[in-house]
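Residue numbers (this note's numbering), protein chains in the order written: chain A, 4 to 344; chain B, 4 to 344.
Let me begin by presenting the structure, written as structure tokens, before commenting on it.
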DNA sequence: TATTTTTGAACAATCGATTACATCATTGTT
DNA sequence: AACAATGATGTAATCGATTGTTCAAAAATA
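Right, dumping it as structure tokens:
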């Protein structure tokens, strides 16, 4: 059952030569004669020799593997980013190791510890909702491993980051609601220690201010980015008798909760309440009415993250100046927010 | 910048002892004195020593890592199974390495090659849609690494497998459609070299036969499991003037395509055409009308897969008899298929 | 033919851990 | 006082690859 793995020593023995010769032959080293190379290769394929990654990476000190740490893979945005990373990684000869924090700080820390034990040569990460302090990421960096953040990035750290224009798109989508006749726009926000939610909230507020609309506290639902909290936030607005004619949700799932509540209570969308989301999850196109949202160009974000990280990995030793890239997002206008159309 | 990693040799040098003592101290070996253990541990934490996974796994011959190879992580079912696997893996001290085939045979082969190079101690897999022959999985097994398949499993291979009762649930859901007055039920199938689609189709056919309903070729849409192909299949049925009053889709995305076509053409669901899906993707609850589907208990499937694999890993050497587990699925009845109700 | 150059392959160190075995000092036994 | 038992470390081999150095034989040159 447990058949031994073939090693270069096995090959060497059968060919009456040494492991070093076998190793060089397999690498097409110039110092090895043609017939020897032939013989080695032939035997290697015959015995289905596979180079032992563990030995190789120990010897070389790197393993051509990049780690990805995301809150959840079961979100279209993250899955898409991963896809983008994989295309670039594969093209550059890197493998990808995916880990999830499930939005939990403690799990994030555990995953990070595993990763830096020599499993990866660099990391692409997006922090969990619970992550306020980043000491664990700092000790990851202290080991000298390159790190690139995307989307949810800690702003206290001096690392490469890639984000989208959260502020600008939130501003723009809020103005879109205003243009559609909304003046009392509720904000379904997320934890503001996370850059994206802070920036989206800021864009929303500034758009209101610039349009001479009041920013009201009762319209600010602090934690409403899941389906459940979105539903609840909507329910509370209604039951508290708060007057509002739109919801700007900082995430699609919060918007979904709002829509489901509206459906249940027969609140007309967008007639009574216009709704917009954020992330352009696929269900937004399916739901009735289809949901206006912001596409974050996940594939591109993934590609750029991977390129940055690989560059850092391959220039290791030379001091690398962290870069920050901000991608332009795209607002996808759908019926949930358009009153005249 | 590139700060050297601390090794046990560094610790030994600073403590005027040897690496073996340090190693033993860190493992709480009984032969090491208390004060020495204390000193080692203190220095280790002070210098933030991390054991080198590459060296460790080379030495030990295993790395406490299990690989997962799935078509896509961006499917609720697969993401859920992965979650289930992770819970068990974490509890047993294993890490998880996730890879995607993106439904492509060639990518599946590449991922598999990477995995067997000593990166994992065992693999949990579900094959891609393109996978007809399994020689690549056989050569994975030939290296002696344990392998467990779930859901989409090759029936030619003698390995542990975990599936759900596709046949039974398809039979039952077809009878449900019949009970709702449907007699001309279209089958939106998938490639029948994949066990699950073959079994679902068989359950459908047998239910029709047992209820004395004809199995008509024109109602069998061979490849309709994506949103696009589902849409197209529906369009073709209609444009070919085929009489049908229900769709049993072997996958939720095929059902989604059908529903979107129906929505576009104002075909009443379930009045004119009743529709059922398979996999219980979350959008099924959101879409209007909500979609009847089959829940596959992904978490449980993941848990059991992980348990089986870990057991095989830890009993390596002893010859292991492959097991097959069939889980009971659950039909989630929703309005898309209920005419009286 | 004697000497130098080239060629092809062997030798041995290394990566960072673990672990069987050897060694030494101490304590206990008779 | 002689000897065994114990406890605490050190020595060295090992996992499977890579690679700088060495070395012998063959080829080229004088």
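Built from N, CA and C at the ideal position, the CB exists for glycine as well.
Predicted, not measured: the structure shown is a model, and the values here were computed from it.
Exercise for review: Rounded to whole angstroms, what's the CA-CA distance from residue 125 of chain B to residue 141 of chain B? Just pull it up for me.
Suggested key: Residue mapping note: residue 125 of chain B aligns to position 122 of the second chain, counting from 1. Residue mapping note: residue 141 of chain B aligns to position 138 of the second chain, counting from 1. When rounded, the distance between both Cα atoms is 13 Å.
Review point. So, using beta-carbon positions, are residue 273 of chain B and residue 226 of chain B closer together than 9 Å?
Key: What you label residue 273 of chain B is simply residue 270 of the second chain in a count that begins at 1. What you label residue 226 of chain B is simply residue 223 of the second chain in a count that begins at 1. In this structure, residue 273 of chain B sits away from residue 226 of chain B, with a CB-CB distance that is not shorter than 9 Å.
Review point. Residues of chain A with CB under 7 Å from residue 56 of chain B, in chain order?
Key: Mapped onto the second chain, residue 56 of chain B falls at position 53. The answer, in chain order, is 120, 121 and 122.
Review point. Can you find a CB in chain A that lies within less than 9 Å of the CB of residue 283 of chain B?
Key: Position 280 of the second chain, counting from 1, holds the residue named residue 283 of chain B. It does not; no Cβ of chain A falls within 9 Å.
Practice item. Compare the beta carbon distance of residue 189 of chain A and residue 275 of chain A with 9 Å and say whether it is the shorter of the two. Key: The residue you call residue 189 of chain A lines up with position 186 of the first chain. The residue you call residue 275 of chain A lines up with position 272 of the first chain. It is not a contact, given that the beta carbons lie outside the stated cut-off.
Review point. Hey, quick one: how far does the beta strand (DSSP E) through residue 68 of chain B stretch, first residue to last?
Key: To locate residue 68 of chain B, count along the second chain from 1; it is residue 65. Residue 68 of chain B -> beta strand (DSSP E) spans 68-73.
Practice item. Give me the Cβ distance between residue 117 of chain B and residue 98 of chain A, rounded to the nearest whole Å; I'm assuming they're in contact under 8 Å. Key: Translated into positions along the second chain, residue 117 of chain B becomes position 114. Translated into positions along the first chain, residue 98 of chain A becomes position 95. So it is a contact: roughly 5 Å between Cβ atoms.
Practice item. Measure the Cβ-Cβ separation of residue 290 of chain A and residue 262 of chain A and say whether it is below 9 Å. Key: As a working mapping, residue 290 of chain A is identified with position 287 in the first chain. As a working mapping, residue 262 of chain A is identified with position 259 in the first chain. Yes; because the gap between Cβ atoms is below 9 Å, this pair is in contact.
Practice item. Taking only beta carbons into account, state which residues of the region 74-93 of chain B come closer than 9 Å to chain A, listed in chain order. Key: 75, 76, 77, 78, 79, 81, 82, 83, 85, 86, 89 and 93
Exercise for review: Using a Cβ cut-off of 9 Å, pull out every chain A residue sitting near residue 53 of chain B, in sequence order please.
Suggested key: Locating residue 53 of chain B in the second chain gives position 50, where the first residue counts as 1. In chain order: 116, 119, 120, 121 and 146.
Review point. From B:103, B:81 and B:17, pick the residue whose C-alpha is nearest to that of residue 284 of chain B; which is it?
Key: On the second chain, position 281 is the one that residue 284 of chain B refers to. Of B:103, B:81 and B:17, the residue nearest in Cα terms is B:81.
Review point. For chain B, is any of its Cβ atoms less than 9 Å away from the one on residue 291 of chain A?
Key: What you label residue 291 of chain A is simply residue 288 of the first chain in a count that begins at 1. Yes, its Cβ sits closer than 9 Å to a Cβ of chain B.
Review point. Nearest to residue 102 of chain B by alpha carbon, out of B:132, B:90, B:95 and B:69?
Key: Counted from its first residue, the second chain places residue 102 of chain B at position 99. The shortest Cα separation from residue 102 of chain B among B:132, B:90, B:95 and B:69 belongs to B:69.
Practice item. Kindly confirm or deny that the region 301-310 of chain A and the region 164-177 of chain A touch, where touching means at least three C-beta pairs closer than 8 Å. Key: yes
Review point. DSSP puts residue 298 of chain B in a beta bridge; with which residues?
Key: Within the second chain, residue 298 of chain B is the residue found at index 295, counting from 1. For residue 298 of chain B, which the question treats as bridged, DSSP gives the partners B:333.
Point to revise | Boundaries (first-last residue) of the beta strand (DSSP E) holding residue 98 of chain B | key: As a working note, residue 98 of chain B is residue 95 in the second chain. Taken as a continuous stretch (DSSP letters only), the beta strand (DSSP E) holding residue 98 of chain B covers 98-103.
Exercise for review: Would you kindly work out how many angstroms separate the C-alpha atoms of residue 4 of chain A and residue 253 of chain A, rounded to a whole number?
Suggested key: As a first step, residue 4 of chain A is located in the first chain; it is residue number 1 there, counting from the start. As a first step, residue 253 of chain A is located in the first chain; it is residue number 250 there, counting from the start. Any reading at residue 4 of chain A needs caution, since the residue's pLDDT is 38, under 50, leaving its predicted position unreliable; the model's value is listed next. Residue 4 of chain A and residue 253 of chain A: Cα-Cα distance of roughly 55 Å.
Check your understanding: So, does the CB of residue 98 of chain A fall closer than 9 Å to a CB anywhere in chain B?
Key -> In the first chain, the residue the question calls residue 98 of chain A occupies position 95. At least one chain B Cβ lies under 9 Å of residue 98 of chain A.
Exercise for review: Decide if residue 343 of chain B is buried, meaning its Cβ has at least 16 other Cβ atoms within 10 Å, or exposed.
Suggested key: What you label residue 343 of chain B is simply residue 340 of the second chain in a count that begins at 1. Residue environment: residue 343 of chain B is assigned as exposed (fewer than 16 neighbouring CB atoms within 10 Å of its CB, all protein chains considered).
Exercise for review: Please state if the CB of residue 257 of chain A and the CB of residue 280 of chain A are separated by a distance shorter than 9 Å.
Suggested key: Here residue 280 of chain A refers to the residue found at position 277 when the first chain is read from its first residue. Here residue 257 of chain A refers to the residue found at position 254 when the first chain is read from its first residue. In terms of Cβ geometry, residue 280 of chain A and residue 257 of chain A form a close pair [threshold 9 Å].
Review point. Is the distance from the Cβ of residue 247 of chain B to the Cβ of residue 216 of chain B below 9 Å?
Key: The count along the second chain starts at 1 and reaches residue 247 of chain B at position 244. The count along the second chain starts at 1 and reaches residue 216 of chain B at position 213. Not in contact: residue 247 of chain B and residue 216 of chain B (Cβ atoms no closer than 9 Å).
Review point. Looking at C-beta atoms only, is the number of pairs between the region 87-98 of chain B and the region 327-342 of chain B that lie closer than 8 Å three or more?
Key: no
Practice item. Please go through the same chain and pick out, in chain order, the residues whose beta-carbon is closer than 6 Å to the beta-carbon of residue 20 of chain A, but skip the five residues on each side of it. Key: Along the first chain, read from residue 1 onward, the residue named residue 20 of chain A stands at position 17. Cβ within range, chain order: n/a, list empty.
**Study point:** Residue range of the unbroken alpha helix (DSSP H) whose run includes residue 164 of chain A
**Key:** Translated into the one-based positions of the first chain, residue 164 of chain A becomes position 161. That residue, residue 164 of chain A, is in no alpha helix (DSSP H); its beta strand (DSSP E) goes 163-167.
Exercise for review: Look at residue 370 of chain A and residue 157 of chain A and say whether their C-beta atoms are less than 9 Å apart.
Suggested key: No answer is possible for residue 370 of chain A: it lies beyond the span of chain A, which begins at 4 and ends at 344.
Practice item. Look at the Cβ atom of residue 86 of chain B, then the Cβ atom of residue 152 of chain A, and state whether they are nearer than 9 Å. Key: As a first step, residue 86 of chain B must be located in the second chain, where it is residue number 83. As a first step, residue 152 of chain A must be located in the first chain, where it is residue number 149. Contact: no.
Check your understanding: Candidates B:121, B:160 and B:264: which alpha carbon is nearest residue 139 of chain B's?
Key -> Position 136 of the second chain, counted from the start, is the residue given in the question as residue 139 of chain B. Among B:121, B:160 and B:264, the Cα nearest to that of residue 139 of chain B belongs to B:160.
Point to revise | Cβ shell of residue 17 of chain A (< 7 Å), same chain only, five flanking positions each side left out | key: Position 14 of the first chain, counting from 1, holds the residue named residue 17 of chain A. Closer than 7 Å at the Cβ level, and outside the excluded window around residue 17 of chain A, lie 46.
Review point. Do residue 55 of chain A and residue 122 of chain A come within 9 Å of each other at the CB atom, strictly closer than that value?
Key: Indexing the first chain from 1 puts residue 122 of chain A at position 119. Indexing the first chain from 1 puts residue 55 of chain A at position 52. For residue 122 of chain A and residue 55 of chain A, no; Cβs fall outside 9 Å.
Check your understanding: At least one CB of chain B closer than 9 Å to the CB of residue 45 of chain A: is that the case?
Key -> Mapped onto the first chain, residue 45 of chain A falls at position 42. No, no contact with chain B.
**Study point:** Per-residue DSSP class, three states only, for residue 241 of chain B
**Key:** Here residue 241 of chain B corresponds to residue number 238 of the second chain, with the count starting at 1. Reduced to three states, the DSSP call for residue 241 of chain B is helix.
Check your understanding: Using a C-beta to C-beta distance shorter than 8 Å, which residues of chain B count as neighbours of residue 242 of chain A?
Key -> Here residue 242 of chain A refers to the residue found at position 239 when the first chain is read from its first residue. Simply none; closest approach about 23 Å.
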